[in-house]
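Notes to accompany the following structure.
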Amino acid sequence: MSFDVDLTKRLGEAEIACRIEVGEGLTVLFGPSGAGKTSVLNMVAGLLEPDAGHVRVAGETLFDARAGIDVPVSERRAGYVFQEPRLFPHLRVRANLLYGRREGAGLDVDETIALLGIAHLLDRWPRTLSGGEARRVAIGRALLSDPRFLLLDEPLSSLDRARREEIMTLIERLRDEVQLPILMVTHDRAEAERLGTRIVEI
Amino acid sequence: MTPELWGIVWLSLKVGGLAVLGCLPVAFALAWLLARGRFPGKLLLDGLVHLPLVVPPVVTGWLLLLAFAPAGPIGSWLQDWFGVSVLFRWTGAAIASAVMALPLMVRAMRLSIEAVDRRLEQAAATLGAGRWRVFASITLPLSLPGILAGAVLGFARALGEFGATITFVSSVPGETQTLPLAIYAALQMPDGEGQVLRLAGISVLLSLAALLASELIARRAGRGLHVL
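As given, the protein sequences belong to chains A and B, one line each in that order.
Counting from 14, one number per residue, gives the positions in the first sequence under the numbering used here.
Counting from 26, one number per residue, gives the positions in the second sequence under the numbering used here.
This is the structure:
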């Protein structure tokens with residue numbers, strides 16, 4: 014069981030209820046904007062506290078309202094690629110990539126950089142990057158923190174067609190070769206069907 | 026420049042420097058509390074911090090005098106534990122300047138802390154950074170320009186402090202007589218115009234330099250902070 018999520022959260026007028034129990038591979042959270050997909054990712058990452066329920070990833074309990082378990086964000090080891098890149102503006106691309114670097118079994122730094130095609134950007138400042146470049150750096154930064162699972166929030170938006178293809182291929186590799194459990198949010202049906210091992214409508 | 030002039034300038038810089046250095050951690054802690062804290066009485070604390078900005082400086086100086094007098098709450102404590110008094114001393118002048126500079130410093134710092142994008146801090150946390158690392162590697166560097174600008178502004182304010190200082194520690198040449206106090210003293214002399222002119226010129230130059238420094242820092246900050 015890679016993701017075992019069952020939670021509810023009241024945000025103002027809206028009530029988010031989400032139940033996911035899935036096995037290996039990539040799970041797509043699919044639905045119209047405003048349905049609370051990003052909030053679900055935030056709750057799995059620990060940035061938003063659910064009102065009730067539990068979050069288990071790869072057998073480990075990250076949150077359980079009844080048992081009083083709430084693993085801090087920094088210890089959950091989520092590779093979270095946010096909707097906007099959120100690169101640290103005061104650090105160059107290289108320092109951004111290595112910010113969460115953990116020694117160990119994770120991906121090789123040079124290989125990841127080559128894979129994402131960002132080797133020529135290492136000495137640049139985030140503000141000089143194009144949208145697609147910033148997105149790839151953000152993905153690289155998340156991958157290099159040696160995550161136990163990936164949370165991807167619309168990872169393919171604001172990319173041109175060629176880059177979309179490359180990033181999709183990369184996500185497929187992560188899904189099949191590295192076998193990271195992946196929870197991905199999208200509103201693009203074609204994207205969902207191509208990448209998703211399964212699709213959860215929300 | 027005569028040795029006397031140099032002495033006045035040096036004393037002013039010393040008083041202003043100590044005031045800002047001493048004020049910096051206090052101002053930062055207050056700015057942090059006001060920017061990020063949620064607690065009852067926040068509005069009251071906000072008001073208290075800004076009080077020196079609106080109360081007549083003479084009143085601030087008088088209150089300091091009450092507090093630091095040998096029989097006052099802080100004065101007696103200083104006397105008992107360290108055997109020192111700040112009355113009529115340059116350290117007292119620095120305290121008066123620090124209190125007067127505090128609101129300006131807190132304001133600048135608070136704004137810069139509030140301007141730090143919380144989403145960047147969240148991103149850092151998901152990458153494994155604990156609270157302290159997030160603070161040291163994200164929040165602090167991103168708010169640093171505002172902190173520096175606040176410090177420079179506070180320094181300029183401290184250099185110009187008059188009312189609270191003269192009430193609190195009086196105008197002792199060579200000890201508490203900073204630039205503004207020396208200008209006032211020279212004005213009282215029958216043939217002090219030359220001295221007034223020189224001192225006023227120096228004051229303007231120092232203040233201008235501080236303002237320019239503050240502006241340069243703010244501009245540097247503007248270049249880095251707006252990209253997400």
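Every residue gets a Cβ at the ideal spot worked out from N, C-alpha and C, and that includes glycine.
On a predicted model such as this, the values are computed, not experimentally measured, just so you know.
(1) Should Leu253/B be flagged as near chain A, meaning a C-beta pair shorter than 8 Å?
(2) Indicate whether Leu178/B and Met130/B have their beta-carbon atoms separated by less than 8 Å.
(3) With a CB to CB cut of under 8 Å and the five nearest residues on each side skipped, what residues in its chain are close to Glu146/B?
(4) Can you list, in chain order, the residues of the region 84 to 106 of chain A whose Cβ is nearer than 9 Å to any Cβ on chain B?
(5) Can the beta-carbon of Thr201/B be found less than 8 Å from the beta-carbon of Ala118/B?
(6) Could you please give the first and the last residue of the uninterrupted alpha helix (DSSP H) stretch that includes Met181/A?
(7) Do the CB positions of Thr125/A and Leu164/A come within less than 8 Å of each other?
(8) Work out the CA separation of Ile120/B and Gly226/B for me, nearest whole Å.
(9) Which runs of the alpha helix (DSSP H) fall wholly inside the region 184 to 247 of chain B and span at least 4 residues, in chain order?
(10) Below 8 Å on the Cβ atoms is my guess for Leu129/A versus Arg114/A; work out the distance and round it to an integer in Å.
(11) With respect to the beta strand (DSSP E) encompassing Ile195/A, which residues constitute its N-terminal and C-terminal limits?
(12) Using a Cβ-Cβ cutoff of less than 6 Å, which residues in the same chain neighbour Leu43/B once the five nearest sequence positions on both sides are dropped?
(13) Just by C-beta distance, which residues in the region 137 to 168 of chain B are closer than 9 Å to chain A?
(14) Could you check the C-alpha separation between Asp189/A and Arg107/A for me, to the nearest Å?
(15) Within this structure, are the beta carbons of Ile208/B and Val221/B separated by less than 8 Å?
(16) Opposite Gly92/A in the DSSP bridges: which residues?
(17) Is it true that the CB of Leu59/B sits closer than 8 Å to the CB of Arg114/B?
(18) What is the rounded straight-line gap between the Cα of Val35/A and the Cα of Gly155/B?
(19) Using 10 angstroms around the beta-carbon of Ile82/A, count the other beta-carbons present and answer buried if the total reaches 16, otherwise exposed.
(20) Nearest CA to the CA of Pro98/A: which residue from Arg32/A, Glu62/A, Pro168/A and Val70/A?
(21) If you measure from the beta carbon of Arg115/A to each beta carbon in chain B, is any gap under 8 Å?
(22) Taking the alpha-carbon positions, what's the Ala71/A to Gly72/B distance?
(23) Tell me whether His103/A is buried or exposed, calling it buried when 16 or more other Cβ atoms sit within 10 Å of its Cβ.
(24) Shortest alpha-carbon distance to Ala148/B belongs to which of Glu206/A, Glu178/A and Tyr93/A?
(25) With a CB to CB cut of under 8 Å and the five nearest residues on each side skipped, what residues in its chain are close to Gly44/A?
(26) Per DSSP, which one or two residues make a beta bridge with Arg32/A?
(27) Is Arg148/A near the ligand MG - that is, is its Cβ less than 7 Å away from at least one heavy atom of it?
(28) Buried or exposed for Asp123/A, going by 16 or more other Cβ atoms inside 10 Å?
(29) My guess is that Gly59/A and Leu75/A are in contact by the Cβ rule of under 8 Å, so how many angstroms apart are they, rounded?
Let me spell this out:
(1) For Leu253/B, the predicted structure reports a pLDDT of 33, less than 50, and the residue's modelled location is therefore unreliable. A value from the coordinates is still provided. Yes, Leu253/B lies at the interface with chain A (some Cβ there is under 8 Å from its Cβ).
(2) yes
(3) Val159, Ile163 and Thr164
(4) Pro85, Val86, Ser87, Glu88, Arg89, Arg90, Ala91, Gly92, Tyr93, Phe95, Glu97, Pro98, Arg99, Leu100, Phe101, Pro102, His103 and Leu104
(5) Cβ distance < 8 Å, so Thr201/B and Ala118/B count as in contact.
(6) Arg174 to Arg186
(7) no
(8) 25 Å
(9) 188 to 194 and 204 to 213
(10) Going by Cβ atoms, the distance from Leu129/A to Arg114/A rounds to 15 Å, so no, they are not a contact pair.
(11) Ile195/A: member of the beta strand (DSSP E) spanning Ile195 to Thr199, first to last residue.
(12) Ala119
(13) From the region 137 to 168 of chain B, only Asp142, Arg144, Leu145, Gln147, Ala148, Ala149, Ala150, Thr151, Leu152, Gly153, Ala154, Gly155, Arg156, Arg158, Val159, Ser162, Ile163, Pro166 and Leu167 have a Cβ closer than 9 Å to chain A.
(14) 27 Å
(15) Cβ distance < 8 Å, so Ile208/B and Val221/B count as in contact.
(16) Listed as beta-bridge partners of Gly92/A by DSSP are Leu163/A.
(17) no
(18) 30 Å
(19) Exposed, because fewer than 16 other Cβ atoms sit within 10 Å of the Cβ of Ile82/A.
(20) With distances taken between Cα atoms, Pro98/A lies closest to Pro168/A.
(21) yes
(22) 51 Å
(23) His103/A is buried by the Cβ-count criterion.
(24) The shortest Cα separation from Ala148/B among Glu206/A, Glu178/A and Tyr93/A belongs to Tyr93/A.
(25) Counting only Cβ-Cβ distances below 8 Å, and skipping sequence neighbours, we find Lys50, His200, Glu214 and Ile215.
(26) Asp19/A
(27) With respect to the ligand MG, the structure offers nothing, as it holds no ligand at all.
(28) exposed
(29) 7 Å
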